Each structure stands twice: as C-alpha cells, then as structure tokens.
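Student: Chains A and B, in that order, are what the protein sequence lines are.
For the working numbering, add 36 to where a residue sits in the first sequence, where the first one is 1.
For the working numbering, add 36 to where a residue sits in the second sequence, where the first one is 1.
Ideal Cβ positions, reconstructed from N, Cα and C, are used throughout, including at glycine.
Keep in mind it's a predicted model, so treat the numbers as computed, not measured.
2 protein chains.
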Amino acid sequence: MSTATRTRWADHALATLQAAGYRRGGARTVVVEALARHDCAVTALDLDDELRRRKAGVGRASIYRALEQLEQLGLLRRIEVARGVAGYERIEPDGEHHHHAICRDCGRMIPFEDASLERAIDRVSGRMSFDAAEHEVTIRGRCERCAA
Amino acid sequence: MSTATRTRWADHALATLQAAGYRRGGARTVVVEALARHDCAVTALDLDDELRRRKAGVGRASIYRALEQLEQLGLLRRIEVARGVAGYERIEPDGEHHHHAICRDCGRMIPFEDASLERAIDRVSGRMSFDAAEHEVTIRGRCERCAA
DNA sequence: ATGACTGCAAAGCCTTTGCACGCAA
DNA sequence: TTGCGTGCAAAGGCTTTGCAGTCAT
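(1) Answer yes if the stretch 150–165 of chain B comes into contact with the stretch 151–158 of chain A, meaning at least three C-beta pairs across the two stretches below 8 Å, and no otherwise.
(2) Does DSSP put ARG126(B) in a helix, in a strand, or in coil?
(3) State whether the stretch 45–63 of chain B contacts the stretch 136–143 of chain B, with contact taken as three or more CB pairs (one from each stretch) at a distance under 8 Å.
(4) For VAL160(A) versus HIS171(B), is the C-beta distance shorter than 9 Å?
(5) Roughly how many angstroms separate the alpha carbons of THR39(A) and GLY177(A), rounded to a whole number?
(6) What does the Cβ neighbour count give for LEU87(A), buried or exposed, with the cut at 16 atoms within 10 Å?
(7) Would PHE166(A) and ILE115(B) be called neighbours here (beta carbons separated by less than 9 Å)?
(8) I need the boundaries of the beta strand (DSSP E) containing ASP84(B), first residue and last residue.
(9) According to DSSP, is GLY177(A) part of a helix, a strand, or is it coil?
(10) Say whether chain A places a C-beta atom closer than 9 Å to the C-beta of ALA56(B).
(11) In the DSSP assignment, what are the bridge partners of ALA118(B)?
(12) Which residues does DSSP list as the beta-bridge partners of ILE146(B)?
(13) For LEU71(A), which beta-bridge partners are listed by DSSP?
(14) Does ALA169(A) get closer than 9 Å to chain B when you measure Cβ to Cβ?
(15) If we ignore side chains and look at the alpha-carbon of each, how far apart do ARG59(B) and THR65(B) end up?
(16) For ARG96(A), would you say it is in contact with chain B, using Cβ-to-Cβ distances shorter than 9 Å as the test?
(17) Considering ALA92(A), what are the terminal residues of the alpha helix (DSSP H) in which it resides?
(18) Beta-carbon within less than 6 Å of ALA63(A)'s beta-carbon, same chain only, minus the 5 sequence neighbours each way: which residues are those?
(19) For VAL67(A) and GLU107(A), I'd like the C-alpha separation in whole angstroms.
(20) Any residues in the stretch 143–155 of chain B with a beta carbon nearer than 7 Å to a beta carbon of chain A? Which ones, in chain order?
(21) Determine whether the Cβ of THR174(A) lies closer than 9 Å to any Cβ atom of chain B.
(22) Going along chain B, which residues have a C-beta under 7 Å from SER161(A)?
(23) Cα-Cα, which of ASP84(B), ASP130(B), CYS142(B) and LEU109(B) is closest to VAL117(B)?
(24) ALA183(B) versus chain A: which residues are under 7 Å apart at the beta carbon?
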C-alpha cells in the first residue's frame, strides 16, 4: 500500500464529502486523514485514542459521526472485528480490497486477498436478485501463534 | 431443510454438551430445541421473545449463556445481523451451510449457497498459516424490494 | 451433599443522541 | 446571518456478570 494510494483515498473522500453537501469541517477532515494512515480495520475507539494522543481535539461523538457518514457515502467498509465492536477500512476507488482471517484466541487479524474468491463472489452476486454493493469474507480460527 | 436434519442437530448438540461435562439442565435444552426450529440466523432477543411467548420460563441470561457455550463447542456460528446485533445459526455436522445477502435498507437476509465459492475459500484457507475453523461471507446492498 | 445451573437485576461496553456553542459558507 | 458541525455528557441497547436459590448427579 503506497503513500500515493492513501493520499488518493483521502482526496477522493474529501471531494466526495464536499459533493454530498458536507462542509469542510475540522473534525471530519482529521478523521479522514487518520483513516488514510491505516491499511487494515481500525475501530472508533482506536481512532479516539490515537487522536487524543495527537491532541487533535476531536470528540468521540464526532469520530462516530464521521465514520457513519463515510460509510454511507461508500468510502468506508464496516466489519465486525470483535464481539460487538466495529472496525472500518477504506474502500479504494479502484475496487482493490482484502479480507480477513481473525484469530478467536488473540483477536489478531490477518489480511488476505484472492482473485478467484472475488470472481466466485461476483458470479454468485450476479445470479441473485439483489443489488450487491459490498461483500466481506471472514475466516475464523486460530492463528499460527495460538495454534501451537 | 428437513425435520430429520433439525432433530439430528439437536441430538448432536445435546450429546456434545453432555460429553463436554455439561449437565442436562432445563434452560439449555429449551434453547437447543428452539434453535433446532430455525433455519436461518436468530438473535438472542428473538429467542427471548419466542420463549417468553411459549411461557418457557427461561431467563434472558440463560439464553445468552447457552448461545455462548454452543458457539464455543462449535455447534453454532455467530454472525452479525445488524449493527451490534449477533445472530446464531446451527452448524450442521455434515458441513452443509449457507451465507447471506443482507439489505442495508430493510435488514432482510437472503440466504444463498454456492459450491465454487466454498472451494475458493477452502483453497485460500489451505494456503494460509492459519487453522481455519469457520468462515462467513456477507453480501451487502439492496434487496429486490428496496432497490425498486 | 456438592457444585453446576438458573432467573433476576444490576452493571458493562460500544455506540448514539441531546444540547448549546462555534464556525463555515 | 443561517444552520451545519462539534464537544461534552447523558442516554440507549445489546450483552455480560453477581448473587442467591434450585436442581441434577
């Protein structure tokens, strides 16, 4: 994941927000920039900790609000990273994305991608009377470390 | 999904619980029998409503405790059916299972299954240094009704 | 008799909402 | 100036836990 890709997403996100009629507020922009620095799912509380450490002066509520708006606009994908905890990941304009294997013992997330898996999902989606916008695949089990 | 399949799961579940050292308590058995009647994901609160209507005399806490024990024993698969809401589905001993398309407008769940998708997931799992036990695929978008 | 099991109520935890103030447009 | 955007604190909603009584073994 290159720096250019991250910047591209941030620019794309800010432009989309503006086009949707959102004002260029301070908190939301800070959240977008923070998301641009992560390549795998982050939770709202992760961002809250991070921004607090950076003394960004962004309230927790604003983080949740920004995440929801970004998700609605198709800029973020929301996945469950732990029981009742949501994680958010950038949706790249070019469609590039990965899925996750999550360790049920330590919670570690291992990202993976596979073209034939994507093709299989596309084929299934195409056969259904359903307007598919996103999809997610989660493999659960034990990671290398915990299985030992 | 045949009645035989449901009964088979219930028997298998009760036997597994007993083998794991659990006592044949009343509440847990009622939860197992309730789960046997559902072919797609049900939430803890759904079960609570259902059992209350049937005057089963099972407390909400016992439902949550039973669901967690059954999940730990590999008898149930836990999936997220709405923001922060968990749904549970039987894991059939023969491995038969389906996945879900979930409408982001009305929340409807449309089950689907696809052999080539399963093969693709198995191939990916096999290549990873990860002890894969379960997997889930979720397609999100708009259902036929809401897309219109 | 012993310790698991259960129901009730209270507590937890992530997330959302109400409200008054501040700031973009 | 208008009303969207924000931070803080309080409220919500699902889930988990503490506890004392009950029941399986």
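Tutor: In brief:
(1) Yes, they touch.
(2) Correct three-state label for ARG126(B): strand.
(3) With contact defined as three or more Cβ pairs closer than 8 Å, the stretch 45–63 of chain B and the stretch 136–143 of chain B are not in contact.
(4) Going by C-beta atoms, VAL160(A) is not nearer than 9 Å to HIS171(B).
(5) Rounded to the nearest angstrom, the two C-alpha atoms are 32 Å apart.
(6) So LEU87(A) ends up on the buried side.
(7) No, the Cβ-Cβ distance between PHE166(A) and ILE115(B) is not below 9 Å.
(8) That residue, ASP84(B), is in no beta strand (DSSP E); its alpha helix (DSSP H) goes 80–89.
(9) Note: GLY177(A) maps to strand in three-state DSSP.
(10) No, no contact with chain A.
(11) Bridge partners of ALA118(B): VAL121(B).
(12) Answer is ALA137(B).
(13) For LEU71(A), DSSP records no beta bridge to any residue.
(14) For ALA169(A), the answer is yes, since a Cβ of chain B falls inside 9 Å of its Cβ.
(15) ARG59(B) and THR65(B) have their C-alpha atoms spaced approximately 10 Å apart.
(16) Output row for ARG96(A): interface = no.
(17) Premise fails: ALA92(A) is in no alpha helix (DSSP H) and is neither H nor E.
(18) For ALA63(A), where only same-chain residues beyond five positions count, the Cβ hits under 6 Å are VAL94 and SER98.
(19) In a straight line, the C-alpha of VAL67(A) is about 13 Å away from that of GLU107(A).
(20) Residues of the stretch 143–155 of chain B with a C-beta atom less than 7 Å from some C-beta of chain A are ILE146, PHE148, ASP150, SER152 and LEU153, listed in chain order.
(21) Proximity of THR174(A) to chain B, defined by a Cβ-Cβ separation below 9 Å, is satisfied.
(22) Contact annotation for SER161(A) against chain B: ILE175 [CB-CB distance below 7 Å, chain order].
(23) Comparing alpha carbon positions, the residue from ASP84(B), ASP130(B), CYS142(B) and LEU109(B) closest to VAL117(B) is CYS142(B).
(24) ASP167, listed in chain order.
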